[in-house]
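For the sequence shown, position 31 matches number 31 in full-length UniProt numbering, and the numbering has no gaps at all.
To keep things clear, I will list the structure first and then write my remarks on it.
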Amino acid sequence: MYAAIVTVTIDPAQAPAAAAALMADVLPRIRSAPGFVSGYWMEPVGGQGLSVVLFKEEEQARAATPPAIGWTAPGVTVDGVEFRRVAVAVP
1 MYAAIVTVTI
11 DPAQAPAAAA
21 ALMADVLPRI
31 RSAPGFVSGY
41 WMEPVGGQGL
51 SVVLFKEEEQ
61 ARAATPPAIG
71 WTAPGVTVDG
81 VEFRRVAVAV
91 P
């Protein structure tokens with residue numbers, strides 16, 4: 001299993017619109033991506049957001065996250081994406 005760790009900056013003035021775009025556009029696209037296992041979007045702190053999305057294979061994680069997939073949300077800038085193999089998972 002592989003994790004895509006995505007960091008973003010969110011313009012506080014556009015946070016409500018960004019949250020709406022996450023729910024209406026981004027989440028459905030990620031959920032339907034091949035190999036999707038689960039995803040976690042942390043509440044932003046100081047305009048910084050973080051998500052961890054799990055996929056069965058590294059190639060699937062890379063194909064479903066920025067920059068490979070061009071999803072956007074108002075006031076959101078993708079700062080970075082990191083891919084890591086999950087060493088241990090505890091249900």
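Glycine included, each C-beta is placed from N, C-alpha and C at the ideal position.
Since this is a predicted model, take the numbers as computed values, not measurements.
Closest by C-alpha distance to residue i, when choosing among the options
{"i": "Val26", "options": "Ala13, Pro12, Asp11 and Val6", "result": "Val6"}
{"i": "Arg29", "options": "Ala89, Thr65 and Thr77", "result": "Thr65"}
{"i": "Val81", "options": "Pro67, Val88 and Val90", "result": "Pro67"}
{"i": "Glu43", "options": "Val37, Ala89, Val8 and Val90", "result": "Val8"}
{"i": "Gly47", "options": "Phe36, Thr77 and Val37", "result": "Thr77"}
{"i": "Val45", "options": "Ala24, Ala15 and Val37", "result": "Ala15"}
{"i": "Ala4", "options": "Phe36, Pro12, Val88 and Ala89", "result": "Phe36"}
{"i": "Pro91", "options": "Asp79, Ile69, Ala24 and Ser38", "result": "Ser38"}
Cutoff 8 Å; reference residue i; Cβ partners in own chain excluding five residues on either side
{"i": "Tyr2", "result": "Leu54, Phe55, Lys56, Glu57, Glu58, Gln60, Ala61, Phe83, Arg84, Arg85 and Val86"}
Whole-number beta carbon distance between residue j and residue i, since they are thought to touch under 8 Å
{"i": "Tyr40", "j": "Ser51", "result": "6 Å"}
Cut-off 6 Å between Cβ atoms - residues of its own chain near residue i, not counting five sequence neighbours on either side
{"i": "Pro34", "result": "Gln60"}
{"i": "Gly49", "result": "Val8 and Ile10"}
Close Cβ partners of residue i (< 7 Å) along its chain, the five nearest in sequence each way excluded
{"i": "residue 93", "result": "No answer is possible for residue 93: it lies beyond the span of the chain, which begins at 1 and ends at 91."}
Cβ pair count under 8 Å reaching 3, the stretch 72 to 89 against the stretch 10 to 27: yes
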